[in-house]
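Here is the structure we will look at, set down as structure tokens.
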Amino acid sequence: MDGDLQAMTAGLFVEYRDEQGNTIGQTVFTGWQRRPVPNVGDLVCCTVQLTATRRPRKLLGRVKQRHFEVQHEDDGRPCVWARLVLEVVASPTPKPTPKPQPRIRFFVKLT
Numbered sequence: 061m062d063g064d065l066q067a068m069t070a071g072l073f074v075e076y077r078d079e080q081g082n083t084i085g086q087t088v089f090t091g092w093q094r095r096p097v098p099n100v101g102d103l104v105c106c107t108v109q110l111t112a113t114r115r116p117r118k119l120l121g122r123v124k125q126r127h128f129e130v131q132h133e134d135d136g137r138p139c140v141w142a143r144l145v146l147e148v149v150a151s152p153t154p155k156p157t158p159k160p161q162p163r164i165r166f167f168v169k170l171t
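Numbering (my numbering), first residue to last: 61 to 171.
Listed below in structure tokens is the structure:
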């Protein structure tokens, strides 16, 4: 993000995709005012909701596309929303699930 070419938006929709173009996860940032939008080629890391499990996961991806759309607020003022399409750099690794513990713990001492 260099020079004077910085796009400013009211909100940001982020979509992470795998190498085949399938959507892995998505998130929305509604308070993006006065912040620059990442350029194509930039690396972005954020927490998204995974499409398959609906669980939050932090992903790292490279911006492949940027789309801008002008919308109107309730009072009629225009605002710009940006959509980033990212390709995942590292695939999400599932968190290890802890082994279920018995509700009643007891120990037997053998003699």
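The beta carbon of each residue, even a glycine, is placed where N, CA and C say it ideally should be.
Given the structure is predicted, the values throughout are model-derived calculations rather than measurements.
Local Cβ density within 10 Å of residue i, reported as buried at 16 or more and exposed below that
{"i": "L119", "result": "buried"}
{"i": "T113", "result": "exposed"}
{"i": "T90", "result": "exposed"}
{"i": "P77", "result": "It is Arg, not Pro, that sits at residue 77 in the sequence shown. Classification of R77: buried, given that the 10 Å Cβ count is 16 or more."}
{"i": "D64", "result": "Bear in mind that the predicted position of D64 carries a pLDDT of just 45, short of 50, making it too unreliable to give a figure here."}
Given residue i as reference, the closest of the options once Cα atoms are compared
{"i": "V140", "options": "V123, N82, Q93", "result": "Q93"}
{"i": "L198", "options": "V149, A150, A142", "result": "This structure cannot speak to residue 198, because the chain is shown only from 61 to 171."}
{"i": "V145", "options": "G85, V123, R137", "result": "V123"}
{"i": "G101", "options": "D134, G121, A70", "result": "G121"}
Straight-line Cα distance separating residue j from residue i
{"i": "G81", "j": "E147", "result": "8 Å"}
{"i": "A150", "j": "E79", "result": "11 Å"}
{"i": "L110", "j": "R137", "result": "33 Å"}
{"i": "G85", "j": "V97", "result": "19 Å"}
{"i": "D134", "j": "A70", "result": "14 Å"}
{"i": "Q125", "j": "R115", "result": "25 Å"}
{"i": "R95", "j": "T83", "result": "25 Å"}
Other residues of its chain near residue i: CB distance less than 6 Å, five sequence neighbours each side excluded
{"i": "V74", "result": "T87, L144"}
heavy atom of the ligand MN below 7 Å from residue i C-beta
{"i": "V108", "result": "You won't find the ligand MN in this model; it holds no ligand whatsoever."}
> Using 8 Å as the Cβ pair cut-off and three pairs as the minimum, do the region 128-135 and the region 98-107 touch?
Replying inline: Output reads no: the region 98-107 does not touch the region 128-135.
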